[in-house]
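> Residue numbers (my numbering), protein chains in the order written: chain A, 112 to 188; chain D, 2 to 148. Shown below is the structure under consideration.
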């Protein structure tokens, strides 16, 4: 019953969190996952979210076994 | 079609030639090849940049490169595509990205290669961290506009 939360780039550095495992019982949405993993830090306006490596909106549901990733706008290419 | 992440420097033109030589089915069939090569500059936002680290979200990045390139095949009549992208430690002049598209006529190759590059820049999870001449570091916060 675990949800894995990952942070990347400047977000990982500012929060000082790379990966965190959460109890799935207490998490039903992306916002729940953010709040629990960051102890209620303010979510940046421009944040991007992916579940199981596909982009989702912040109100998306989260289920047991999901990998939720938070990261800033991408800058490749 | 081939999409690949590289963690060491590569020569875009050698890669292009090498890949094209493997395209036996395309010999005599393609009339156009559009190629984009993106390289690291030694200057950004008025600061000298001496190195860069390109972070990525490994599984998702590979998935998106493939997804974006595959989508181009559904939108335009293209014959083949090659997309290579660096990750890790990069120096000025190093190639960051190679996008090449083969088609019968130029319009499809131009449009599809531009689509792949722009989608890659806006969707694939890569992040650039620059090291400046005084050894300070900064994250690149956004891509340059496409036009």
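Ideal Cβ positions, reconstructed from N, Cα and C, are used throughout, including at glycine.
Distance check for residue 47 of chain D and residue 144 of chain D, CA to CA, integer angstroms please.
15 Å
> In chain D, what lies closer than 8 Å to residue 181 of chain A by C-beta?
Residues of chain D passing the Cβ test: none, with the nearest at roughly 11 Å.
> By the 10 Å Cβ neighbour count, where 16 or more other Cβ atoms means buried, how is residue 108 of chain D classified, buried or exposed?
exposed
> Identify the contact partners of residue 123 of chain D in chain A, using a Cβ-Cβ distance below 8 Å as the criterion.
185
> Under a three-way DSSP split, which group does residue 68 of chain D fall into?
helix
> If you measure from the beta carbon of residue 126 of chain D to each beta carbon in chain A, is any gap under 8 Å?
yes
> Can you find the residues in the same chain that come closer than 6 Å, C-beta to C-beta, to residue 141 of chain D, ignoring five residues on each side of it along the sequence?
129
> Which residues mark the beginning and the end of the beta strand (DSSP E) in which residue 134 of chain A is found?
130-134
> Measure the Cβ-Cβ separation of residue 85 of chain D and residue 98 of chain D and say whether it is below 8 Å.
yes
> What does a CB cutoff of less than 7 Å around residue 27 of chain D pick up in its chain, not counting 5 residues either side in sequence?
80, 81 and 103
> Tell me where the alpha helix (DSSP H) around residue 117 of chain D begins and ends.
107-124
> Express the C-alpha separation of residue 78 of chain D and residue 135 of chain D in angstroms, rounding to a whole number.
A direct Cα-Cα distance of roughly 49 Å separates residue 135 of chain D from residue 78 of chain D.
> Output needed for residue 56 of chain D: all residues of its chain with C-beta closer than 6 Å, excluding positions within five of it in sequence on either side, in chain order.
128, listed in sequence order.
> For residue 137 of chain A, which of A:146, A:184 and A:122 has the nearest alpha-carbon?
Checked all of A:146, A:184 and A:122; the closest Cα to residue 137 of chain A is A:146.
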